[in-house]
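Going by the numbering used here, the sequence shown runs without a break in its numbering and finishes at 456. Think of the CB as a built atom: it goes at the ideal place given N, C-alpha and C, for glycine as much as any other residue. From a predicted model like this one, the values you see are computed outputs, not experimental measurements. To start, the structure itself, in structure tokens.
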Amino acid sequence: MSKKFNNLFDLKGNNTTIKKELVAGLTSFFAIVYIIAVNSSILHDAKVPLEGAIIATVLSSFVGCVLVGLIGNAPVIMVPGMGVNALFSYTISTSMGLTWKQGLAAVFISGIVFAIVAFTKLAKILTESIPTSLKEAITVGIGLLIMFIGLQKCGIVVSNPKTFVGLGNLSDPAVYVTLINLVITLILFICNVPGNFLIGMIGGTIISGLFHLFDISQVTFKGFSLGGFKDVFMVMDFSKIGTSTFWIAVFSVTLVLVFENLGLLHGHINVMLKQPEKFKSSFRVCSLSAITCGMFGTSPTVATIESAAGIAAGGKTGITSIFTGILFLVSLFLLPIIKIIPNSAISPILIIIGGLMMKNALNIDFNDFSEGFPAFLIIAMIPLTFSIVDGMAFGFIAYPIVKLAAKKSKEISLTMYIIPIVFLLNFILHAVS
Numbered sequence: 024m025s026k027k028f029n030n031l032f033d034l035k036g037n038n039t040t041i042k043k044e045l046v047a048g049l050t051s052f053f054a055i056v057y058i059i060a061v062n063s064s065i066l067h068d069a070k071v072p073l074e075g076a077i078i079a080t081v082l083s084s085f086v087g088c089v090l091v092g093l094i095g096n097a098p099v100i101m102v103p104g105m106g107v108n109a110l111f112s113y114t115i116s117t118s119m120g121l122t123w124k125q126g127l128a129a130v131f132i133s134g135i136v137f138a139i140v141a142f143t144k145l146a147k148i149l150t151e152s153i154p155t156s157l158k159e160a161i162t163v164g165i166g167l168l169i170m171f172i173g174l175q176k177c178g179i180v181v182s183n184p185k186t187f188v189g190l191g192n193l194s195d196p197a198v199y200v201t202l203i204n205l206v207i208t209l210i211l212f213i214c215n216v217p218g219n220f221l222i223g224m225i226g227g228t229i230i231s232g233l234f235h236l237f238d239i240s241q242v243t244f245k246g247f248s249l250g251g252f253k254d255v256f257m258v259m260d261f262s263k264i265g266t267s268t269f270w271i272a273v274f275s276v277t278l279v280l281v282f283e284n285l286g287l288l289h290g291h292i293n294v295m296l297k298q299p300e301k302f303k304s305s306f307r308v309c310s311l312s313a314i315t316c317g318m319f320g321t322s323p324t325v326a327t328i329e330s331a332a333g334i335a336a337g338g339k340t341g342i343t344s345i346f347t348g349i350l351f352l353v354s355l356f357l358l359p360i361i362k363i364i365p366n367s368a369i370s371p372i373l374i375i376i377g378g379l380m381m382k383n384a385l386n387i388d389f390n391d392f393s394e395g396f397p398a399f400l401i402i403a404m405i406p407l408t409f410s411i412v413d414g415m416a417f418g419f420i421a422y423p424i425v426k427l428a429a430k431k432s433k434e435i436s437l438t439m440y441i442i443p444i445v446f447l448l449n450f451i452l453h454a455v456s
């Protein structure tokens with residue numbers, strides 16, 4: 024058996040053992056398992072049935088991890104990404120007017136487009152032609168939106184007829200329990216406790232239960248089934264495929280997928296593992312995994328930052344990711360428990376993840392106004408319009424205008440003329456329709 028594993032995953036060549044890989048896989052799982060509850064909660068906000076969303080999250084993670092393990096032979100973990108799930112639920116399936124089933128169709132098509140990009144030279148062209156300032160600004164803007172969603176879901180920030188938003192009622196148990204959970208999770212994260220988000224979520228759920236924020240009697244394993252999967256599996260609605268809105272959604276998802284996966288895989292495979300030969304195959308697997316997500320009923324998977332935990336624990340081959348995928352599959356038996364995890368336990372994780380995404384602002388050259396201002400527009404407009412697509416549009420449209428005004432036309436690529444025109448046409452079509 025060990026000989027077969029060695030031949031398949033080149034254990035000797037990677038200077039590792041099956042035991043080390045399994046430990047790394049377990050470490051990765053505990054670092055990322057929180058995504059099951061968090062992603063399904065975000066999908067549920069788009070009216071995706073909760074039970075189906077949980078199962079879809081688990082299955083897409085399982086398939087993604089197994090694919091990258093077998094094809095890429097890399098210890099990279101694939102799960103529905105934070106950021107692109109917000110794009111799916113709060114922009115595509117809400118502000119853009121598509122239903123969540125039509126959103127799944129857009130996810131499926133974007134996966135195919137992503138595959139075309141990944142298997143050709145388009146990835147390099149796209150990456151080199153879009154300014155770093157705008158790519159980083161998208162991440163920062165999404166981070167602010169995720170933080171705002173976290174604050175909103177638990178009632179810390181509420182709507183206000185006079186000021187649009189305002190501080191919630193601090194005497195509300197849901198609010199102060201969330202704040203308690205936030206402090207606990209922050210301490211665990213800062214102290215670098217393994218599985219910090221998972222521990223924080225479990226502790227937060229227990230504390231929330233003590234304050235009667237959910238009904239513990241709803242937890243039952245009697246008649247346990249995965250019947251909810253039929254509500255989300257292969258329910259894609261392509262009825263809007265002929266509209267500009269649908270293709271703007273496809274374009275936006277593809278853009279986020281390309282940039283996120285390129286950046287994360289570079290960090291994990293080229294920098295941490297120092298195995299650049301695994302980069303191309305792993306990047307291509309990311310696109311294949313994204314295609315399956317539309318069919319499963321969830322937002323697209325990405326190479327997650329938590330893969331670093333498994334790599335740091337000694338993971339060097341695909342055995343790590345495959346074992347993590349198997350553990351995701353086993354977690355389906357905890358479905359009745361996952362379903363009752365309250366927002367007061369989920370919101371702290373969203374707030375912290377939003378904060379983590381702020382560091383990308385350091386890569387934006389705000390000393391150059393022609394770079395900084397379009398980036399600023401993206402960062403500001405994503406949370407203020409509650410739309411990742413609209414926020415991106417403002418920044419991309421502004422970029423060539425500011426560059427031309429600054430007499431820096433040589434810094435504008437052909438792509439950066441085409442994309443703003445597409446976004447501008449979308450605005451015009453919505454204005455006249």
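Can you tell me which of the three DSSP states residue i falls into?
i	result
P323	coil
G418	helix
N284	helix
P359	helix
F256	coil
M105	coil
N14	What the structure shows of the chain is the stretch from 24 to 456, and residue 14 is not part of that stretch, so it cannot be assessed.
G460	Examination of residue 460 is not possible in this model, given that the chain is present from 24 through 456 alone.
G189	strand
G337	coil
P397	helix
G178	coil
K301	helix
L427	helix
Flag this pair as yes or no: are the beta carbons of residue i and residue j separated by less than 9 Å?
i	j	result
E283	G104	yes
L149	G377	no
A69	G126	yes
I77	A54	no
C316	A138	no
I115	V412	yes
I429	I402	First, the residue type needs correcting, since residue 429 is Ala and not Ile in the sequence shown. No, Cβ-Cβ distance for A429 and I402 is not below 9 Å.
T201	I179	yes
S152	L437	yes
K339	T117	no
S84	F351	yes
V273	I132	yes
I161	S112	no
G290	A331	yes
L93	F319	no
S354	V56	yes
L205	L358	no
P371	G173	yes
K431	S393	yes
L448	S240	no
Spatial neighbours of residue i within its chain, please: C-beta separation below 6 Å, excluding the five flanking residues on both sides.
i	result
A128	M259, D260, F261
V86	T315
F446	A416, F419, I420
I435	P423, K426
N108	N62, I65, S322
Would you mind giving the Cβ-Cβ distance between residue i and residue j, rounded to the nearest angstrom? I have them listed as a contact below 8 Å.
i	j	result
C88	I374	With 8 Å as the limit, C88 and I374 do not qualify as a contact, their Cβ atoms being about 27 Å apart.
P423	M439	6 Å
G164	P406	7 Å
G337	S51	11 Å between Cβ atoms; not a contact.
K185	I369	With a Cβ gap of about 29 Å, K185 and I369 do not count as contacting.
I387	E159	5 Å
S305	G48	With a Cβ gap of about 16 Å, S305 and G48 do not count as contacting.
I230	I203	6 Å
I207	G226	6 Å
Who are the Cβ neighbours of residue i in its own chain at under 8 Å, not counting the five residues just before and after it?
i	result
V140	A146, L149, T277, V281, S310
I41	S25, F28, L34, I342
L90	M101, V308, L311, S312
N30	none
N366	S64, K176, C177, A197, T201
L285	A146, T150, F306
Here's a check: name, in chain order, each residue in its chain whose Cβ is nearer than 7 Å to the Cβ of residue i, leaving out the five neighbours to either side.
i	result
L73	S63, H67, K362
L209	I375
I364	A60, M224, T228
S275	L110, I411, V412, M415
G251	P72, E74, G75, I78
L211	N219, I222, G223
G191	G178, I179, V180, V181, V198
Q3	The question about residue 3 has no answer here: the residues shown for the chain are numbered 24 through 456.
K263	L121, Q125, F269
Item to check | the segment 291 to 308 contacting the segment 108 to 126, beta-carbon criterion three pairs below 8 Å | outcome: By the Cβ rule, the segment 291 to 308 does not count as touching the segment 108 to 126, because fewer than three pairs are nearer than 8 Å.
Item to check | Validate contact between the segment 192 to 211 and the segment 223 to 239 using beta carbons, cut 8 Å, 3 pairs | outcome: Yes, the segment 192 to 211 touches the segment 223 to 239.
Checklist entry - If you pair each beta-carbon of the segment 91 to 105 with each one of the segment 320 to 332, do three or more pairs fall below 8 Å? => result Result yes; three or more Cβ-Cβ pairs closer than 8 Å.
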